[in-house]
Structure formats: C-alpha cells, structure tokens
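Taking it in order: structure first as structure tokens, then the write-up.
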Amino acid sequence: VFFDFDEYAIRPDARPILEKDAELLKKTYKDSGVLIEGHCDERGTVEYNLELGKRRAQAVKDYLVDLGIEESRIRIVSYGKERPFCTESEPSCWKQNRRGHFVRQ
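Under our numbering, the first residue of the sequence shown carries the number 2, and numbering increases by one thereafter.
Set out below in structure tokens:
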C-alpha cells in the first residue's frame, strides 16, 4: 500500500487492498505470519525516514488487527529510504517508494 508524502495514515484507496489481504490471511494463509516493511522516499534524514517507515508499518499492522488478524501474526520493520523500489530521483519515483510492503512468512 502507498502513503502520501510525510504521512503514515492509511489512505482511502489502501483500505480495500488491506481488506483483501486480511481475508487472504484469514482463509488462505491462516497458518502464516506476515512481515510489514515500512519504506520512504529519499527525502529526509536516515533517522527521520526510519521512524516514518516504522509508523507506516505500524499503521498497516493496526489496520489489519482492526480487521481481525491476530497481532501475534504480524511483525513490522522499517527500512526507511534504504531499500527503494524505484531509484530515480524524481516525484513519480518517490511516490512508489512511500509504501508498506507485505512479506508472507
């Protein structure tokens, strides 16, 4: 799911995606955990982006817990700006890097 610049609130367009993910975790992957990675674009300090990435991952976790996923099944990690999806230094690329990424475990 994607986030607005310098924000960690779940966007309205992300809610249906997370609802679908929650259903998959409940039905198809009921014995699996999930790691939620928080990512940021390249702007800001390393420390700031690590904290922002953590807040993004936590927001996704909280939303999934509200949808009925057991908290114990969800781990979070922040990579800040250290693992960009897109490496070009431009707004369209930054947009792709402001994300919460799921890894099934």
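Backbone N, C-alpha and C fix where the C-beta goes; we use that ideal spot for every residue, glycine too. None of the values given here were measured: they were computed from a predicted structure.
Range of the contiguous alpha helix (DSSP H) that encloses residue i
{"i": "R12", "result": "Taken as a continuous stretch (DSSP letters only), R12 belongs to no alpha helix (DSSP H), as it is neither H nor E."}
{"i": "E93", "result": "First, the residue type needs correcting, since residue 93 is Ser and not Glu in the sequence shown. Element bounds for S93: 92 to 98."}
{"i": "D67", "result": "47 to 67"}
Sequence-distant residues of the same chain with beta carbon closer than 8 Å to residue i, five excluded per side
{"i": "V47", "result": "G81, K82, E83"}
{"i": "S33", "result": "L26, R74, R105, Q106"}
Check whether residue i and residue j have beta carbons under 8 Å apart
{"i": "R12", "j": "F4", "result": "yes"}
{"i": "I77", "j": "L26", "result": "no"}
{"i": "V104", "j": "E24", "result": "no"}
{"i": "S79", "j": "L36", "result": "no"}
{"i": "L108", "j": "E20", "result": "No answer is possible for residue 108: the residues shown for the chain start at 2 and end at 106."}
Residues near residue i in its chain [Cβ-Cβ closer than 6 Å; skip 5 each side]
{"i": "R56", "result": "Y9"}
{"i": "E43", "result": "K82"}
{"i": "R100", "result": "F3, H40"}
Unbroken beta strand (DSSP E) run spanning residue i, endpoints
{"i": "E38", "result": "35 to 40"}
{"i": "Y1", "result": "One cannot answer for residue 1 here, as it falls past the ends of the chain, which runs 2 to 106."}
{"i": "V104", "result": "101 to 105"}
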